[in-house]
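Engineer: Quick one: the structure is below, and I'll ask about it shortly.
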Ligand SMILES: Cc1cc2nc3c(=O)[nH]c(=O)nc-3n(C[C@H](O)[C@H](O)[C@H](O)COP(=O)(O)OP(=O)(O)OC[C@H]3O[C@@H](n4cnc5c(N)ncnc54)[C@H](O)[C@@H]3O)c2cc1C
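In the numbering used here, the protein residues as written are 653 to 1098.
Laid out in structure tokens, this is it:
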């Protein structure tokens, strides 16, 4: 008889491991299949954590790249060990190996069969590649290779102006590389507020990062001198060449479902290869669910975690739920960029009438004391009800500041609610309060 579980989660990233822990907390007999040697998925091993470890190592130190990489590996090691500890604490079995769905209620891990009342697909995503630009993880790298370079490139060309390219571009720029970001669109961080994106481009430009916007890469040629990229205007025009010693391809990620046996099991995928789910993370096959990067929505660790918890609670007979209107997105450059809810472009498209409150960090005492005054807080509120519909920040600790607005939005707050809340002085959070005051044109410190 195969061993039997209430829940088998395939994938031990933030979606999968959180789902497994929550399911076990709720009394379900749970296992999590992970084939990597360590738990934590893309996020802990080759994503959020190592990239932030490198971003955090840099300020004001004399470069010792080997030590910096060793520190990054230590940070990753402590985090992935932490997940292993949490599995033991919560009695989640780690089934080491590659999992596949062998039919409803059946999972196979490296040939060993298990029965599962519920199967959860949490296999995440992998980097997209670009035709004509062949990744070797040495001179043409994805984010994984960019976290492992053994020397600082003289010139790093980053293809893609999204958050991963900008964060890793920032790491290597700070270490002395010349960095050129090549972006197909005529703006950075697509999907984020357009005014923030403009300021972001200016601030990163001041730091020396070069931008080639509205430009597409059509090919790459490796030679003794490095990699020669052929580029041309996105709208068409004469081609030119850019020589770089390392090229980072960061044009997005795709859902990863290879070798899972989903087609045979009858699990439907959409036209982008993502697992199709209903509002409760059920796939087209009863008893098989999916969460995280492998389904539609922002590819973010905290989104995957929220889905993991909601699904575990539903599997335990409770009412789990994710509020997709309130999912923050943060770019961990310096200054940081953070965004939540709808942008002005979204609201215009949806015909929603809104008010804008803005406050610059140049007028915030704490930011001035810190010597980091680039950026501003912007709050968008409904004209009729004053309910906060979106908030966008570029500036020091934007990623921390956005949490207040996430809580406010989760509670359905108005801009006046935030404006009338006492904020400590002198703190960066006063810029949030002032932006909320500015929605009604009554900011005090500008
Ligand atoms: C460089 C970089 C920086 C990032 N920074 C951030 C950030 O700052 N903030 C943020 O929110 N997000 C960030 N992300 C995105 C974040 O890492 C993902 O959104 C998140 O990891 C998705 O979680 P997941 O559980 O869906 O999948 P994953 O973390 O991808 O985990 C899936 C796991 O499933 C395993 N697996 C796959 N198939 C099988 C199989 N058949 N059998 C067994 N195991 C299998 C894989 O080995 C993997 O460990 C970053 C990503 C990258 C690449």
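No residue lacks a Cβ here, since even glycine has one placed at the ideal position from N, Cα and C.
As the structure is a prediction and not an experimental result, all values here were calculated from the model.
Quick check on residue 941: buried or exposed, where buried means 16 or more other Cβ atoms within 10 Å of its Cβ?
Structural biologist: The residue labelled residue 941 in the question sits at position 289 within the chain shown. So residue 941 counts as buried.
Engineer: Which complete beta strand (DSSP E) runs does the stretch 810-861 hold, if anything under 3 residues is left out?
Structural biologist: 830-834
Engineer: Return helix, strand or coil for residue 900, following the three-state DSSP convention.
Structural biologist: Position 248 of the chain shown holds residue 900. Three-state DSSP puts residue 900 in a strand.
Engineer: For my contact list, residue 966 and residue 947 are in at a C-beta cut-off of 8 angstroms; report their separation, rounded to the angstrom.
Structural biologist: In the chain shown, counting from the first residue as 1, residue 966 sits at position 314. In the chain shown, counting from the first residue as 1, residue 947 sits at position 295. Contact doesn't hold; Cβ gap of about 15 angstroms is too wide.
Engineer: Which term fits residue 932, buried or exposed, when burial requires 16 or more other beta carbons within 10 angstroms of its beta carbon?
Structural biologist: Counting from one through the chain shown, the residue named residue 932 turns up at place 280. Result: exposed.
Engineer: I want to check one thing, is the minimum distance from the CB of residue 755 to the heavy atoms of ligand 1 below 7 angstroms?
Structural biologist: The count along the chain shown starts at 1 and reaches residue 755 at position 103. Taking 7 angstroms as the cut-off, the C-beta of residue 755 does not count as close to any heavy atom of ligand 1.
Engineer: Give me the residue from 774, 753, 1035 and 993 with the minimum Cα distance to residue 764.
Structural biologist: On the chain shown, residue 764 is found 112 positions in, with the first residue counted as 1. Minimum Cα distance to residue 764 is reached at 753.
Engineer: Near residue 723, which residues of its chain fall below 7 angstroms by C-beta distance, leaving aside the five closest residues on each side in sequence?
Structural biologist: Stepping through the chain shown from its first residue, residue 723 is reached at position 71. Correct list, in chain order: 705 and 709.
Engineer: Between the stretch 664-682 and the stretch 951-964, do at least 3 Cβ pairs fall closer than 8 angstroms?
Structural biologist: yes
Engineer: By Cβ distance, which residues of its chain are closer than 7 angstroms to residue 956, with the 5 residues on each side in sequence left out?
Structural biologist: One-based indexing of the chain shown puts residue 956 at position 304. Contacts found: 665, 666, 667, 943, 944 and 945.
Engineer: The beta strand (DSSP E) that contains residue 988, what's its start and end?
Structural biologist: Taking the first residue of the chain shown as 1, we reach residue 988 at position 336. It spans 988-993 - the beta strand (DSSP E) in which residue 988 sits, taken as one unbroken run.
Engineer: Which residue from 836, 1083 and 1045 puts its Cα closest to that of residue 988?
Structural biologist: By one-based count along the chain shown, residue 988 stands at place 336. It is 1045.
Engineer: In whole angstroms, what is the alpha-carbon distance linking residue 673 and residue 964?
Structural biologist: Residue 673 sits at position 21 when you count from the first residue of the chain shown. Residue 964 sits at position 312 when you count from the first residue of the chain shown. Each residue's alpha carbon lies about 9 angstroms from the other.
Engineer: Report the option in 838, 1037, 1035 and 1011 whose CA atom is closest to the CA atom of residue 1027.
Structural biologist: To locate residue 1027, count along the chain shown from 1; it is residue 375. Nearest option by C-alpha distance: 1011.
Engineer: Under three-state DSSP, which class holds residue 657?
Structural biologist: Working through the chain shown from its first residue, we reach residue 657 at position 5. Strand, per DSSP.
Engineer: Between which residues of its own chain and residue 677 is the CB-CB distance below 7 angstroms, once the five residues before and five after are set aside?
Structural biologist: By one-based count along the chain shown, residue 677 stands at place 25. Excluding positions up to five away in sequence, the list reads 742.
Engineer: For the putative contact between residue 744 and residue 684, defined by C-beta atoms under 8 angstroms, what is the C-beta separation to the nearest angstrom?
Structural biologist: Counted from its first residue, the chain shown places residue 744 at position 92. Counted from its first residue, the chain shown places residue 684 at position 32. In this structure, residue 744 and residue 684 form a Cβ contact; the two beta carbons are roughly 6 angstroms apart against a cut-off of 8 angstroms.
Engineer: Regarding residue 987 and ligand 1, is the C-beta to nearest heavy atom distance less than 7 angstroms?
Structural biologist: Position 335 of the chain shown, counted from the first residue, corresponds to residue 987. The answer is no for residue 987.
Engineer: For residue 1074, count neighbouring C-beta atoms within 10 Å of its own C-beta (all shown protein chains included) and say buried if the count is 16 or more, exposed if not.
Structural biologist: The count along the chain shown starts at 1 and reaches residue 1074 at position 422. By the C-beta density criterion, residue 1074 is exposed, having fewer than 16 other C-beta atoms within 10 angstroms.
Engineer: Nearest CA to the CA of residue 969: which residue from 679, 716 and 657?
Structural biologist: In the chain shown, counting from the first residue as 1, residue 969 sits at position 317. For residue 969, the nearest C-alpha among the options comes from 679.
Engineer: For residue 888 and residue 870, what's the separation of their Cα atoms in angstroms?
Structural biologist: As a first step, residue 888 is located in the chain shown; it is residue number 236 there, counting from the start. As a first step, residue 870 is located in the chain shown; it is residue number 218 there, counting from the start. About 11 angstroms.
Engineer: Between 662, 953, 864 and 1030, which lies nearest to residue 687 when the distance is taken from Cα to Cα?
Structural biologist: Position 35 of the chain shown, counting from 1, holds the residue named residue 687. Cα-wise, what sits closest to residue 687 is 662.
Engineer: State the start and end residues of the unbroken beta strand (DSSP E) segment that holds residue 874.
Structural biologist: Numbered from 1 along the chain shown, position 222 holds the residue referred to as residue 874. Per DSSP, the continuous beta strand (DSSP E) segment holding residue 874 begins and ends at 867-875.
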